[in-house]
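Colleague:
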Amino acid sequence: MKDAQPRTIYLKDYRQPDYWIDRTRLDVALYETHAIVEATLDVRLNDSQHDANKHLPALVLDGVDLELEELCLNGSVVEADGYELVPQGLSVPAPGAAFELKTRCRIEPQNNTSLEGLYKSNGMFCTQCEAEGFRKITYYLDRPDVMSVFDCRISADKSLYPVLLSNGNEQTRGDEPEGRHWVEWHDPFPKPAYLFALVAGDLQHVSDRFVTQSGREVTLQLFTEPRNIHKCDHAIDSLKRAMRWDEEVYGREYDLDIFMIVAVDHFNMGAMENKGLNIFNSSCVLASADTATDSSFQRIEAIVAHEYFHNWSGNRVTCRDWFQLSLKEGFTVFRDAEFSADMNSRSVKRIEDVSLLRTAQFAEDAGPMSHPVRPESYMEISNFYTLTIYEKGAEVVRMIHRLLGRDRFRKGSDLYFERHDGEAATVENFVAAMEEAGDIDLNQFRRWYQQAGTPELNVTDEFDSSQGLYTLQVTQSCRATPGQSEKLPLHIPLAVGLINAEGDDLLPEGTRMLELVEQTQSFSFEGLSAKPVPSLLRGFSAPIKLHYDYSDQQLAFLMANDSDGFNRWDACQQLCVRVLQRMVSAYLAEQPMQVDAVLTEAFGELLGSPVEDPAALDAMLALPSEAYLAEISSEVEVEANHAAREALANHLATVFAVRFSELYQGCQAKGPYQASAKDIATRSLKNAALGYIARSADQGIELAREQYDQADNMTDRFRALATLVHSERNGSVELADSYLDKFYNHFKNDPQVIELWLSVQASCQREGALERVQKLMEHEAFDADNPNKLRSLIGVFCSQNTTGFHNPAGYAFLADQVIALDARNPQIASRLVTPLTRYRKYPALRQQQMRSQLERIFAQQLSPDLYEVVSKSLK
Ligand code: B3K
Ligand code: ZN
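Per the numbering used here, residue 935 is the first one in the sequence shown, and the count goes up by one each step.
1. Let me confirm a value: residue 1402 is counted as buried when at least 16 other C-beta atoms fall within 10 Å, else exposed. Which label applies?
2. Is DSSP giving residue 1143 helix, strand or coil here?
3. Below 8 Å between beta carbons: does that hold for residue 1005 and residue 1031?
4. May I have a chain-ordered list of the alpha helix (DSSP H) segments no shorter than 4 residues that lie completely inside the region 1666-1729?
5. How big is the Cα-Cα spacing for residue 1104 and residue 1093?
6. Tell me the residue span of the alpha helix (DSSP H) that contains residue 1548.
7. Measuring alpha carbon to alpha carbon, tell me which residue in 1647, 1576, 1042, 1021 is nearest residue 1522.
8. Hey, is residue 1053 close to ligand 1, as in C-beta under 7 Å from one of its heavy atoms?
9. Between which two residues does the beta strand (DSSP E) containing residue 1823 stretch?
10. Quick one: using the 10 Å Cβ neighbour count with 16 as the cut-off for buried, is residue 1586 buried or exposed?
11. Drop a sphere of 10 angstroms on the beta-carbon of residue 1738, count the other beta-carbons inside from all chains shown, and report buried for 16 or more, exposed for fewer.
12. With 16 as the cutoff for other CB atoms within 10 Å, does residue 1124 come out buried or exposed?
13. Quick check on the DSSP output: what are the complete beta strand (DSSP E) runs of length 3 or more inside the region 1273-1341, in order along the chain?
14. Taking Cβ positions, are residue 1080 and residue 955 nearer each other than 8 Å?
15. Check for me: the beta strand (DSSP E) holding residue 1449 runs from which residue to which?
16. Taking only heavy atoms of ligand 1 into account, decide whether any of them is closer than 7 Å to the Cβ of residue 1741.
17. Are the CB atoms of residue 1806 and residue 1818 within a distance shorter than 8 Å?
18. List the DSSP bridge partners of residue 1114.
19. By DSSP's criteria, residue 1185 is part of a beta bridge. Which residues make up the other side?
20. Based on Cα-Cα distance, which residue from 1734, 1707, 1097 lies nearest to residue 1563?
21. For the alpha helix (DSSP H) that contains residue 1510, what are its first and last residues?
22. Taking 7 Å as the line, does the beta carbon of residue 1207 fall inside it for any heavy atom of ligand 2?
23. For residue 911, report the span of its alpha helix (DSSP H) as first-last.
24. Using the C-alpha atoms, what's the distance from residue 1475 back to residue 1179?
25. Can you say whether residue 1579 is buried or exposed, counting buried as having 16 or more other CB atoms within 10 angstroms of its CB?
26. Using C-beta distances below 7 Å, list every residue in its chain close to residue 1331, excluding the 5 sequence neighbours before and after it, in chain order.
27. How would you label residue 1420, buried or exposed, when you count the other beta carbons within 10 angstroms and need 16 or more for buried?
28. Would the C-beta of residue 1761 count as close to ligand 1, meaning under 7 Å from any of its heavy atoms?
29. Suppose contacts are defined by Cβ-Cβ distances below 8 Å. Is residue 1787 in contact with residue 1749 by that definition?
30. My parser needs the alpha helix (DSSP H) runs of 4 or more residues fully inside the region 1744-1802; what are they?
31. Three-state secondary structure (DSSP) at residue 1123?
32. Here's the rule: buried if 16 or more other CB atoms are within 10 angstroms of the residue's CB, otherwise exposed. What is residue 935?
33. Using the C-alpha atoms, what's the distance from residue 1363 back to residue 1433?
34. Cβ of residue 1263 versus every heavy atom of ligand 2: is any distance shorter than 7 Å?
35. Sorted by chain position, which residues of the same chain lie with C-beta nearer than 6 Å to residue 1278's C-beta, five sequence neighbours on each side aside?
36. So, at 7 Å on beta carbons, what are the nonlocal neighbours of residue 937 in its own chain, with the 5 sequence-adjacent residues on each side left out?
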């Protein structure tokens, strides 16, 4: 617990620090009951902040949960009355404009359950310092604009912790009495404290090498506990691909002699880009064909690349303050998305990213925590590692890329890196570099960073046949968000195509990029002989909601004919959404739910033609999720959404039963498992077909069982298990249970596989879901101190198991978990509570039930993390 009522920090209050720390020497001695951290800091007055006529200001350092044992200034011990321990910090009178401060602190990593600062995971020591974890290690100016050259000496018991790692390059090592040893590391690149890392453990590693474009050789090492050593190859291969790609696409080369990754089981996020020593959540780095699904292979490739790309976009150029977080995160997500698109299928990657954005980021933008890509204020920065900062931030960079084009964007990124290398920069610095190198006016565009909320476009059209003139009229708007009632028009790139009755593109360039800058603007197209069908927002050229009054037939037409792969999928989604919404209305009116013929026909056409692109077909067969249906509803009807979606899937399964069987057979693997884009798409399509087959025929259950027993990879095995678990057919419950047992017994020693096992059960919507989840919390496989386990079980249940969660018992369950967790791990508690904070989307009774659980949480003594989220939700 830091504070009962945390204070709000404002961007407008930013000022440079009073002092800089040019050099930081750490000596960390690790023991089983505590650690001793000695920090020697070379402190220097920041002249630009100081009025020479005034006294030197006190040096005020951040520090949390530290026991100060000794403090020295310029080599002399200072008694306790010579400094002041202030809340969450230490105030030291400055002995001069430049001086050396040395502190010795005692901390207890083994009792640190927040997984922030220095803590223990499965017997190894590791750190997580971003955003403000370093202050739990030692007293410091824990802010990203204070950049320092770090040396770190680590000492520990040699047999328990043979491996001792920190940032930069290893300098020297040696032994100490009592079976201890030490290693010294030096990182030549000045960095903020949030990029500091330390690891100590009994680890093995795999090693590889990479020769940079200028011919320097870099050693690559991935460290894990010995039992996982066979799961490193994919991450290493991904890393090498990412290093090459960043050289080719951005001209960025790696700068140290060694690049290390460590896999850790207890980790709050996916991974962390500490300079030269990335630390990863095990589930985001370790993979083998028999234990990881295709999605985890792809996730690993993306996250390894993301953290590596941070070496430039984040580390070499870092953030001036945490309001600039999207400077590194939005840009780096854009970079990793383009990398994944280049390595795999571009349109599938786009579809996945847009689905996430529309479902989860749009919901965030419409909820109580809505904030701009560059927020103006926060209480707890950990709450701002959001989809808005990351995914919407990446969309904003993507729009700049679209406006400038590839070459000018590259000029802009070159200028940005060159100008700000070694600095702590701002979003404004990034935009200014793009503007200058791209020779473009981005003034109005900057509003994307300042305005929260999802803009909406209303598009109408008319055709003047006498003149062959087609006109699109576009109006933009954006709803008020907390603290921002007025919204100004944005600069929006709107990519459109026009399609004739034969399905051909009519514009000579295929797709035209319209630039919308006014609130309402018209765009005309000449020389048309008939009214075309517009294909709007191709490739999802801006993170907005677009409304155009398509007929069902037009959507079916676009689904079959649009030359833009993304828009074909989107037309399919929109058509499904419409049909589902009509089914929901029927359900609520207690009428039979019917599937419109136009949708059945459209799927008939889709499934009737030979499969040219399995990935595209697979994406279209995935019906809009319940979460997406919830996001686009003004009032969420949980049971009706679920029933409608089930009915539509069952309908397609029945009508196209024969075709799904053919697809299933046609997609059987040839050759051993490979995580290539082509094989992944084929496997995914096969498993989608399996899911449909299992809905319409008992034979599908048999097929799933066979597939499970014969699988040579985790994707096929897990999808077969999921098919059994989610099946509502007679007798499938017992079968599912026996396969869940079989799966558990086989994989119980592998935490990553057990996460899958927990999540598939958490998402199972059969009767008694909450009781099953509660029972699983008692299971030996569950560990309430492990964020992955919490996410797989409680997180999945509350966010995906709509019918299981949305009742008074489900709400009370989540509140209980969040309250209990907040004392141990505030960051995870404040994330898990999210489903309750969306209460305004639900009908009155549910609203009141959810809200009363939030009030119950709010009545507790809360961490700043949870306090911020819950208080903003109750406003
Ligand atoms: N920068 C880290 C996130 C740290 C989160 C701290 N609460 C991972 C990433 O975005 O690469
Ligand atoms: Zn990142």
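Idealized CB from N, CA, C, for every residue including glycine.
Modeller: A quick look at the data gives this:
1. exposed
2. strand
3. no
4. 1666-1681, 1685-1696, 1703-1712, 1721-1724
5. Residue 1104 and residue 1093 have their C-alpha atoms some 20 Å from each other.
6. 1548-1555
7. 1576
8. no
9. This structure does not reach residue 1823, given that the chain is present from 935 up to 1809, and the question cannot be answered.
10. buried
11. Buried, because 16 or more other Cβ atoms sit within 10 Å of the Cβ of residue 1738.
12. Buried, by the Cβ-count rule.
13. Complete beta strand (DSSP E) runs here, min 3: none at all.
14. Their beta carbons are under 8 Å apart, which means residue 1080 touches residue 955 by this criterion.
15. 1446-1450
16. no
17. Since the first and last residues shown for the chain are 935 and 1809, residue 1818 lies out of range.
18. 1091, 1110
19. Answer by DSSP bridge pairing: none, since residue 1185 is not bridged.
20. 1734
21. 1499-1522
22. True, at least one ligand heavy atom lies under 7 Å from that Cβ.
23. The question about residue 911 has no answer here: the residues shown for the chain are numbered 935 through 1809.
24. 24 Å
25. By the neighbour-count criterion, in which 16 or more other beta carbons inside 10 Å mark a residue as buried, residue 1579 falls on the buried side.
26. Excluding its 5 nearest sequence neighbours in each direction, residue 1331 has C-beta neighbours in its own chain below 7 Å: 1264, 1265, 1268, listed in chain order.
27. exposed
28. yes
29. yes
30. 1760-1766, 1768-1771, 1778-1792
31. The answer is strand: DSSP assigns residue 1123 an E or B state.
32. Note that residue 935 scores a pLDDT of 42, beneath 50, so its modelled location is shaky; the value from the coordinates is reported in the next line. Result: exposed.
33. Taking the straight line from one Cα to the other gives about 41 Å.
34. yes
35. Exclusion of the five residues before and after residue 1278 leaves 1611 as the residues of its chain whose Cβ lies within less than 6 Å of its Cβ.
36. Confidence is the limiting factor: at residue 937 the pLDDT is only 46, short of 50, which leaves the residue's position unreliable and the question unanswerable from this model.
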